[in-house]
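Structure first, commentary second.
Number of protein chains: 2
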Amino acid sequence: MYSPLISQLIESLRVLPGVGPKSAQRMALQLLERNQSGALRLAGALTQACEKVGRCESCRTLTEETVCSLCKSTRRDASLLCIVEMPADVFALEQSGTFSGKYFVLMGKLSPLDGIGPKELGLEQLAHRFAVGEIDEVIIATNPTMEGEATAHYIAEMAKQHKLKVSRIAHGVPLGGELEFIDGGTLAHALASRREI
Amino acid sequence: MYSPLISQLIESLRVLPGVGPKSAQRMALQLLERNQSGALRLAGALTQACEKVGRCESCRTLTEETVCSLCKSTRRDASLLCIVEMPADVFALEQSGTFSGKYFVLMGKLSPLDGIGPKELGLEQLAHRFAVGEIDEVIIATNPTMEGEATAHYIAEMAKQHKLKVSRIAHGVPLGGELEFIDGGTLAHALASRREI
Numbered sequence: 001m002y003s004p005l006i007s008q009l010i011e012s013l014r015v016l017p018g019v020g021p022k023s024a025q026r027m028a029l030q031l032l033e034r035n036q037s038g039a040l041r042l043a044g045a046l047t048q049a050c051e052k053v054g055r056c057e058s059c060r061t062l063t064e065e066t067v068c069s070l071c072k073s074t075r076r077d078a079s080l081l082c083i084v085e086m087p088a089d090v091f092a093l094e095q096s097g098t099f100s101g102k103y104f105v106l107m108g109k110l111s112p113l114d115g116i117g118p119k120e121l122g123l124e125q126l127a128h129r130f131a132v133g134e135i136d137e138v139i140i141a142t143n144p145t146m147e148g149e150a151t152a153h154y155i156a157e158m159a160k161q162h163k164l165k166v167s168r169i170a171h172g173v174p175l176g177g178e179l180e181f182i183d184g185g186t187l188a189h190a191l192a193s194r195r196e197i
Numbered sequence: 001m002y003s004p005l006i007s008q009l010i011e012s013l014r015v016l017p018g019v020g021p022k023s024a025q026r027m028a029l030q031l032l033e034r035n036q037s038g039a040l041r042l043a044g045a046l047t048q049a050c051e052k053v054g055r056c057e058s059c060r061t062l063t064e065e066t067v068c069s070l071c072k073s074t075r076r077d078a079s080l081l082c083i084v085e086m087p088a089d090v091f092a093l094e095q096s097g098t099f100s101g102k103y104f105v106l107m108g109k110l111s112p113l114d115g116i117g118p119k120e121l122g123l124e125q126l127a128h129r130f131a132v133g134e135i136d137e138v139i140i141a142t143n144p145t146m147e148g149e150a151t152a153h154y155i156a157e158m159a160k161q162h163k164l165k166v167s168r169i170a171h172g173v174p175l176g177g178e179l180e181f182i183d184g185g186t187l188a189h190a191l192a193s194r195r196e197i
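Protein sequence lines correspond, in order, to chains A and B.
Just so you know, the first sequence maps onto residues 1 to 197 in the UniProt record's numbering.
Just so you know, the second sequence maps onto residues 1 to 197 in the UniProt record's numbering.
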């Protein structure tokens, strides 16, 4: 029904997460009808980002710089290292505004079935950072999934070998959450990790 | 938090309809982490489509050809013309598989406040097509909104001046729709347009 170039654009838009055939069609037509300059800007941004963005040499997050701005910053506490799975986790933690240490981004989690082992997560590089002695404390903030917990456990063992203080972020009932609507696993965790007041 | 190129990509993704800051961030990171080839293909498709796609000379729909495939087709009934607002409407009608005439795409609707008059909708071109005498019947399928109805009325008057048969698609309760959940306006229309059985 649509001409080849429009069909190709609709098909290409489906690489975006959460975009099905209907949304892709709506996006393609709206861009062509009303916002061609925006579409060209998007095309340019995609090309530039794909060409130039790589990994930070120090924390492995996505960046076009050799070392990312957080790693370069001298105002952050280099003795405190927070380990997360993805760049979006760094963003979420920074939004909370309560962490002033440095980050290490695994870009995934241990998942042997998918062929993701310690090497793919840069754990050799992490072990090297543990060894040089700049870090005093490691906070592990991987997600509370099966793989996330396994990854946390593996990294905790590594850190202990270097006699570092290791902690895991707390899991439990989120602020503003109502007990009635919280899943059983989270409640069990919240009970087991209760703190005396 | 993100490096300049990544922030620029996130910002650029917001030209897509229905994409807010959170989704744009998720899309940008997912493309950079997992699907750079898809991202480059999307950039290429956007550029190509913006450069080459224009309007069909005959029906005004979006296409990179001079005359679109539906207008070129000799298997379609040229005496029957269906008038719609947008290219997506052509797609929806073709999906229904019950219309075998030709289309005319207004690319909008009369909306004086937004500066959209008969000229912007190509109504001169439409009048010319009415005048050459190829068309016998006109079906007006603009949306049942205030502006859509005004546009339908305007075009119906034009067609009548050329002594053409004019009809408007039916509006009422959609198939599978439950009366309980249909809005009052639609029900009023369905009652007023009732047919004897």
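Just so you know, even glycine gets a beta-carbon here, dropped at the ideal spot from N, CA and C.
All figures in this text were calculated on a predicted structure; none of them were measured in a lab.
So, helix, strand or coil for A/ILE169, using DSSP?
In the first sequence, residue 169 of chain A corresponds to position 169, counting from 1. Residue state, collapsed to three classes: coil.
Nearest by alpha-carbon distance to A/ALA49: which of B/ALA78, B/GLU94, B/ASP77, B/GLU11 is it?
Position 49 of the first sequence, counted from the first residue, corresponds to residue 49 of chain A. With respect to the C-alpha of A/ALA49, the residue from B/ALA78, B/GLU94, B/ASP77, B/GLU11 having the closest C-alpha is B/GLU11.
**Item:** Straight-line Cα distance separating A/ASP77 from A/GLU85
**Value:** As a working note, residue 85 of chain A is residue 85 in the first sequence. As a working note, residue 77 of chain A is residue 77 in the first sequence. When rounded, the distance between both Cα atoms is 20 Å.
- Task: Could you give the DSSP three-state label for B/VAL132: helix, strand or coil?
- Result: For this step, residue 132 of chain B is matched to residue 132 along the second sequence. The answer is coil: DSSP assigns B/VAL132 none of H, G, I, E or B.
* Asked: Using the rule of at least 16 other Cβ atoms within 10 Å of the residue's Cβ for burial, across every protein chain shown, is B/GLN161 buried or exposed?
  -> The count along the second sequence starts at 1 and reaches residue 161 of chain B at position 161. B/GLN161 is exposed by the Cβ-count criterion.
So, using beta-carbon positions, are A/ALA159 and A/VAL138 closer together than 8 Å?
Against the first sequence, residue 159 of chain A aligns to sequence position 159. Against the first sequence, residue 138 of chain A aligns to sequence position 138. Yes, Cβ-Cβ distance for A/ALA159 and A/VAL138 is below 8 Å.
Requested in this report: Could you tell me whether the Cβ atoms of B/LYS109 and B/THR142 are closer together than 8 Å?
Outcome: Residue numbering aside, residue 109 of chain B sits at position 109 when the second sequence is read from its first letter. Residue numbering aside, residue 142 of chain B sits at position 142 when the second sequence is read from its first letter. Yes, they are a contact pair.
A/CYS82 - DSSP class collapsed to helix/strand/coil:
Taking the first residue of the first sequence as 1, we reach residue 82 of chain A at position 82. A/CYS82 falls in the strand class under three-state DSSP.
List in chain order: all unbroken beta strand (DSSP E) runs of 3+ residues lying wholly within the segment 19-97 of chain A.
-> Segments of the beta strand (DSSP E) lying fully in the segment 19-97 of chain A: 77-84.
Review point. Do you know how far the Cα of A/ASP136 is from the Cα of A/LEU80?
Key: By 1-based counting over the first sequence, the position of residue 80 of chain A is 80. By 1-based counting over the first sequence, the position of residue 136 of chain A is 136. If you take the alpha carbons of A/LEU80 and A/ASP136, they lie about 6 Å apart.
| DSSP on A/GLU178, reduced to helix/strand/coil? | Walking along the first sequence from the start, residue 178 of chain A turns up at place 178. Assigned with DSSP and collapsed to three states, A/GLU178 falls in coil, not helix or strand.
Does the segment 175-193 of chain A come into contact with the segment 59-70 of chain A, if we say contact requires no fewer than three beta-carbon pairs (one atom in each stretch) closer than 8 Å? Taking a contact to require three or more Cβ pairs closer than 8 Å, the segment 175-193 of chain A and the segment 59-70 of chain A do not qualify as touching.
Span separating the alpha-carbon of B/ARG75 from that of B/SER100
Here residue 75 of chain B refers to the residue found at position 75 when the second sequence is read from its first residue. Here residue 100 of chain B refers to the residue found at position 100 when the second sequence is read from its first residue. So the alpha carbons of these two residues sit roughly 8 Å apart.
Q: Taking B/ALA45 as the reference, give the member of A/ILE197, A/ARG195, A/LEU29, A/MET146 with the closest Cα.
A: Working through the second sequence from its first residue, we reach residue 45 of chain B at position 45. Closest by C-alpha distance to B/ALA45, out of A/ILE197, A/ARG195, A/LEU29, A/MET146, is A/LEU29.
Any beta carbon of chain B sitting closer than 8 Å to that of A/THR47? As a position in the first sequence, residue 47 of chain A is number 47, starting the count at 1. Chain B contact via Cβ: present.
Next item on the list: Please state whether DSSP places B/ILE10 in a helix, a strand or coil.
Entry: By one-based count along the second sequence, residue 10 of chain B stands at place 10. Annotated three-state conformation of B/ILE10 is helix, per DSSP.
### Message
Quick check on B/GLU196: does DSSP put it in helix, strand or coil?
### Response
Residue 196 of chain B sits at position 196 when you count from the first residue of the second sequence. B/GLU196: coil per DSSP, three-state reduction.
Look at the Cβ atom of B/VAL105, then the Cβ atom of B/ARG34, and state whether they are nearer than 8 Å. For the purposes of this step, residue 105 of chain B is taken as residue 105 along the second sequence, with counting starting at 1. For the purposes of this step, residue 34 of chain B is taken as residue 34 along the second sequence, with counting starting at 1. No, these two residues do not count as a Cβ contact at 8 Å.
Could you check whether B/SER111 and B/GLU147 sit closer than 8 Å to each other, using their CB atoms as the reference points? Residue mapping note: residue 147 of chain B aligns to position 147 of the second sequence, counting from 1. Residue mapping note: residue 111 of chain B aligns to position 111 of the second sequence, counting from 1. Yes, they are a contact pair.
Find out if the Cβ-Cβ distance for the pair B/LEU62, A/LEU32 is shorter than 8 Å.
Along the second sequence, read from residue 1 onward, the residue named residue 62 of chain B stands at position 62. Along the first sequence, read from residue 1 onward, the residue named residue 32 of chain A stands at position 32. B/LEU62 is a Cβ neighbour of A/LEU32, given a cutoff of 8 Å.
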